[in-house]
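Residue numbers (the numbering used here): 299 to 390. Built from N, CA and C at the ideal position, the CB exists for glycine as well.
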């Protein structure tokens, strides 16, 4: 199974609270933003994950494994904490 398929399988099969924690992770947010930009530049061909580099796939895989291993209450706590503090973005 390809790395991207493994990532999608892990994320699709984790509880929704764990998915929320995964997708609210700052590293995941940054990667997803870049992937959506590449996907848009390629006229929305395929899926955003198709445009991930090996390094990005490795990070997403590592984070997907981590978030899938959390108990739901741990994931809930992470989501709650992240929702209370806005994401800091550097002005450029």
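message: Do residue 333 and residue 359 count as a contact pair if the criterion is CB distance below 8 Å?
response: To locate residue 359, count along the chain shown from 1; it is residue 61. To locate residue 333, count along the chain shown from 1; it is residue 35. Contact flag unset, no.
So what does DSSP say about residue 378, is it helix, strand or coil?
Numbered from its first residue, the chain shown carries residue 378 at position 80. Reduced to three states, the DSSP call for residue 378 is helix.
At what residues does the alpha helix (DSSP H) containing residue 318 begin and finish?
Along the chain shown, read from residue 1 onward, the residue named residue 318 stands at position 20. Unbroken alpha helix (DSSP H) run through residue 318: 314-321.
Less than 8 Å between the C-beta atoms of residue 315 and residue 374, yes or no? Residue mapping note: residue 315 aligns to position 17 of the chain shown, counting from 1. Residue mapping note: residue 374 aligns to position 76 of the chain shown, counting from 1. Contact: yes.
ask   = Taking the alpha-carbon positions, what's the residue 341 to residue 380 distance?
value = On the chain shown, position 43 is the one that residue 341 refers to. On the chain shown, position 82 is the one that residue 380 refers to. Their Cα atoms are separated by approximately 32 Å.
Quick one: measure Cβ to Cβ for residue 301 and residue 355, integer angstroms, because I've assumed they're closer than 8 Å.
On the chain shown, residue 301 is found 3 positions in, with the first residue counted as 1. On the chain shown, residue 355 is found 57 positions in, with the first residue counted as 1. Their Cβ separation, rounded to whole angstroms, is 5 Å, which keeps residue 301 and residue 355 in contact under 8 Å.
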